[in-house]
Amino acid sequence: MASARLQIPPRVTQGDVFKIRLLVNHPMDSGFLRDIDGVLIQRNVIRHLLCTLNGREVFRVEPTTGVSANPLFEFYLRATESGEMLFRWVDDKAYIGELRHNLVVEAANASKPSGN
Amino acid sequence: MMSPVFSRRQSIAQLLKTVLAASMGTFFSGAAKAQVDKLTITGLAEARLRTFEEMVRPYVQNQELKKEGVSLSLPMLADNGHMVPLSLKIDSPMTDAEHITHVYLISQRNPVPLMAKFVLGPWSGRADLSTRVRLSGNQNVIALARRSDGNFIYDLQEVVVTEAACVDNG
Amino acid sequence: MQSIASKPVFSWLYLLVWFLAGVFIASPLSAQQRNIALDKLQSGLDFSGAEVQSLQADEFANPGNISLDTGNKLWSKPDGKSNKSCQSCHGDIGRMKGISARYPAVDKASGKLFNLEDRIRQCRSKNQKASEWPYESDELIALSLAVTSTSRGMPLQAQINGAAKSHFENGQRIFTTRQGQMNLACTNCHDQHYGQKLYTDPLSQGQPNAYPLYRIDWQRVVSLERRLRFCYTGVRAEIPPWGHSDMRDLSLYLMWRGQGLLVEAPAVRK
Chain A
28 MASARLQIPP
38 RVTQGDVFKI
48 RLLVNHPMDS
58 GFLRDIDGVL
68 IQRNVIRHLL
78 CTLNGREVFR
88 VEPTTGVSAN
98 PLFEFYLRAT
108 ESGEMLFRWV
118 DDKAYIGELR
128 HNLVVEAANA
138 SKPSGN
Chain B
0 MMSPVFSRRQ
10 SIAQLLKTVL
20 AASMGTFFSG
30 AAKAQVDKLT
40 ITGLAEARLR
50 TFEEMVRPYV
60 QNQELKKEGV
70 SLSLPMLADN
80 GHMVPLSLKI
90 DSPMTDAEHI
100 THVYLISQRN
110 PVPLMAKFVL
120 GPWSGRADLS
130 TRVRLSGNQN
140 VIALARRSDG
150 NFIYDLQEVV
160 VTEAACVDNG
Chain C
383 MQSIASKPVF
393 SWLYLLVWFL
403 AGVFIASPLS
413 AQQRNIALDK
423 LQSGLDFSGA
433 EVQSLQADEF
443 ANPGNISLDT
453 GNKLWSKPDG
463 KSNKSCQSCH
473 GDIGRMKGIS
483 ARYPAVDKAS
493 GKLFNLEDRI
503 RQCRSKNQKA
513 SEWPYESDEL
523 IALSLAVTST
533 SRGMPLQAQI
543 NGAAKSHFEN
553 GQRIFTTRQG
563 QMNLACTNCH
573 DQHYGQKLYT
583 DPLSQGQPNA
593 YPLYRIDWQR
603 VVSLERRLRF
613 CYTGVRAEIP
623 PWGHSDMRDL
633 SLYLMWRGQG
643 LLVEAPAVRK
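Protein chains in written order, with our numbering: chain A, 28 to 143; chain B, 0 to 169; chain C, 383 to 652.
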């Protein structure tokens, strides 16, 4: 099963603030609804989702039953360093979902010519 | 696997229940308005709308709260309460000295008042966010942001949530 | 002596008779009376609110995308005793282009009318020798969506002649027959009152061009069959069991009725 979709700019330059979009495969069962046979569907929502860059947390969201199924999260990040981005989420059933992305941050173009 | 088909008896019983609840609702007196409808009867929404105070107090406590700097964007009329696009923009330099630390999305009627909590910092660069929320009936939604100085700013928007005419459990 | 045909008034009559004969003979066998003219056909998207339209238009975050990604993965996943994937026999999924636009279609072997889900289920058991995917299961719907998405933008072109004719006629009968406690026929709402509101709900034409689609109210991707069964609930009619031929016959009629509408996949509706 597909776990998540990530949209991130293919190139980012040092100092840029860029947008990240993450669409996660999760039913976010609220525990309030019943299935077609009238049986209550047990609650199972993502407890937390975090994004780390080189092991450092750069984004966290703690959704509740109030977030839609197959949740979408859009947030921003300032480009400071290249490295491994890890998206990791845990739900009520202690299932761990993960998505990795290799972030490449290019050096900003030097606008001043060197020397005189 | 057959879907449940409403019998005439069930339909009449449901109608009577709704009429009874609605008439009870008109007699309800108190600081907060009561809204009785199918969502309330089935336990999917609170009968009494939360007050503004009840919604923000758990987070703001004794800190300063101002309605500024936050721009919450939701449709005025949502097609369906299961998936309502929500986005917000916050005016903040997001520097080490001055940034947003947390953003709370709070519902007035959902069974669970807090819809999501976001943790940000100067590394975020921008305190703009988007997601999709569930809204259980017509209500106000609050986006509450905590600043690095400990004070809070917010925005509020009213959303009307329409429902399908044909009702079923799916 | 002048022949009767050479008299002016009779030669006009002669021409008229031949013209009318030509009209009737040249008309295709399927020229049924259309309640909604071909140029008045509208996708359900036209009756959807702005949010639903933008959710569908979002190439990245369309809520049906997760199921679509799953379906595309399933296409190349070997399964069953055969240890073959769909790809092993069919090649790249792109080769499925056009198929969903002409379904449901008659299965030559059994003579039954198959919708796309039936075809996938049969392929699994007969050719892949794999376990049965129940109706409306996540995997079945995901794969059906993935196959349908290859026909995105193509016009509906279901065949209603030959072996399909009796199925089409049964579908037409169902569409125009009142049923249920509410004693309503599909045509009463979807031909006669589309564009008007049922409470706050705008009525669409009930077109099939966007199925399987993500229905926000059910928080998942659903098949046309599931949606039609819900229509039965809506008029308080007894719902046929899953896999019933009536649902397929009705689907075929709907495809003809919506002929020319473009396939949308993955679509979103409320």
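Even for Gly, the Cβ is constructed at its ideal location relative to N, Cα and C.
These numbers come from a predicted model, not from an experiment.
What is the rounded straight-line gap between the Cα of residue i and the Cα of residue j?
{"i": "C:Pro623", "j": "C:Leu610", "result": "12 Å"}
{"i": "B:Asp127", "j": "A:Leu60", "result": "31 Å"}
{"i": "B:Asn79", "j": "A:Trp116", "result": "27 Å"}
{"i": "B:Ile141", "j": "B:Asp90", "result": "16 Å"}
{"i": "A:Val39", "j": "C:Lys466", "result": "41 Å"}
{"i": "B:Met75", "j": "B:Val102", "result": "21 Å"}
{"i": "C:Lys652", "j": "C:Cys568", "result": "19 Å"}
{"i": "B:Asp154", "j": "C:Ile475", "result": "47 Å"}
{"i": "B:Phe151", "j": "B:Arg145", "result": "5 Å"}
{"i": "C:Gln574", "j": "C:Ser513", "result": "44 Å"}
{"i": "C:Arg477", "j": "C:Thr532", "result": "8 Å"}
{"i": "A:Gln41", "j": "B:Glu67", "result": "31 Å"}
{"i": "A:Lys46", "j": "B:Leu48", "result": "35 Å"}
{"i": "C:Pro594", "j": "C:Val604", "result": "5 Å"}
Measuring CA to CA, which of the options is closest to residue i?
{"i": "C:Arg503", "options": "C:Ala491, C:Leu420, C:Ile523", "result": "C:Ile523"}
{"i": "A:Leu49", "options": "A:Gln34, A:Gly42, A:Gln41", "result": "A:Gln34"}
{"i": "B:Gln156", "options": "B:Ala144, B:His81, B:Leu85", "result": "B:Leu85"}
{"i": "C:Leu420", "options": "C:Pro516, C:Glu521, C:Leu643, C:Tyr581", "result": "C:Leu643"}
{"i": "A:Leu113", "options": "A:Leu77, A:Arg32, A:Gly58, A:Ser30", "result": "A:Leu77"}
{"i": "C:Asp583", "options": "B:Glu53, B:Ala77, B:Ile152", "result": "B:Ala77"}
{"i": "C:Pro537", "options": "C:Lys490, C:Gln589, C:Gly616, C:Gln438", "result": "C:Gln589"}
{"i": "A:Glu111", "options": "A:Val132, A:Asp56, A:Val88", "result": "A:Val132"}
{"i": "A:Arg105", "options": "B:Glu53, B:Val111, B:Gly120, B:Met82", "result": "B:Gly120"}
{"i": "C:Lys455", "options": "C:Gly462, C:Gln469, C:Ser605", "result": "C:Gln469"}
Taking buried to mean at least 16 other C-beta atoms within 10 Å of its own C-beta, is residue i buried or exposed?
{"i": "C:Glu646", "result": "buried"}
{"i": "A:His53", "result": "buried"}
{"i": "C:His549", "result": "buried"}
{"i": "C:Ile407", "result": "Confidence in C:Ile407 is poor, its pLDDT being 48 and thus under 50, which makes the residue's placement too unreliable to answer from."}
{"i": "C:His626", "result": "exposed"}
{"i": "C:Tyr581", "result": "exposed"}
{"i": "C:Phe442", "result": "exposed"}
{"i": "C:Leu636", "result": "buried"}
{"i": "B:Gln62", "result": "exposed"}
{"i": "C:Arg530", "result": "One detail in the question is off: residue 530 of chain C reads as Thr in this sequence, not Arg. That one is buried."}
{"i": "A:Val66", "result": "exposed"}
{"i": "B:Glu162", "result": "buried"}
{"i": "C:Glu433", "result": "buried"}
{"i": "B:Lys116", "result": "buried"}
{"i": "A:Arg127", "result": "exposed"}
{"i": "B:Gln60", "result": "exposed"}
Residues of chain B with CB closer than 9 Å to the CB of residue i, please, in chain order.
{"i": "C:Ser627", "result": "Going along chain B, no residue has its Cβ under 9 Å from C:Ser627, so there is no contact; the nearest lies around 17 Å."}
{"i": "A:Thr92", "result": "Asn109, Pro110, Val111, Met114, Arg133"}
{"i": "C:Gly453", "result": "Here the premise fails: no neighbours, minimum Cβ distance about 21 Å."}
If the cut is a Cβ gap below 8 Å, which residues of chain A does residue i touch?
{"i": "C:Arg475", "result": "Here residue 475 of chain C turns out to be Ile, not Arg, going by the sequence shown. The contacting residues do not exist; C:Ile475 stays about 15 Å from chain A at best."}
Would you mind telling me which residues of chain C sit closer than 8 Å to residue i, beta carbon to beta carbon, in chain order?
{"i": "A:Ala96", "result": "Pro445, Gln601, Arg602"}
For residue i, go through chain B and note every residue whose CB falls closer than 7 Å to its CB, in chain order.
{"i": "C:Val434", "result": "Asp78"}
Would you mind telling me which residues of chain C sit closer than 7 Å to residue i, beta carbon to beta carbon, in chain order?
{"i": "A:Leu99", "result": "Ala443"}
{"i": "A:Gln34", "result": "Phe442"}
Going along chain C in order, which residues have a C-beta closer than 9 Å to the C-beta of residue i?
{"i": "A:Leu50", "result": "Phe442, Ala443, Asn444, Pro445, Asn447, Ile448"}
{"i": "B:Thr161", "result": "Gly431, Tyr581, Thr582, Asp583, Lys652"}
Run down chain A in chain order and give the residues with a C-beta less than 9 Å from the C-beta of residue i.
{"i": "B:Phe117", "result": "Phe86, Arg87, Val88, Glu89, Phe100, Phe102"}
Residue i versus chain B: which residues are under 8 Å apart at the beta carbon?
{"i": "C:Ile598", "result": "Asp78, Asn79, His81, Met82"}
_Whole beta strand (DSSP E) elements within the region 56-114 of chain B, 3-residue minimum_ = 69-72, 83-89, 99-106
_Threshold first: 3 residues or longer. Then list the beta strand (DSSP E) segments lying entirely within the region 48-124 of chain A, N to C._
73-80, 83-90, 99-105, 110-118
*Ignoring anything shorter than 3 residues or poking outside the region 559-601 of chain C, list the beta strand (DSSP E) runs there in chain order.*
Whole beta strand (DSSP E) segments, 3+ residues: 595-597.
*Those runs of the alpha helix (DSSP H) which lie wholly inside the region 462-509 of chain C and span at least 4 residues*: 468-472, 498-505
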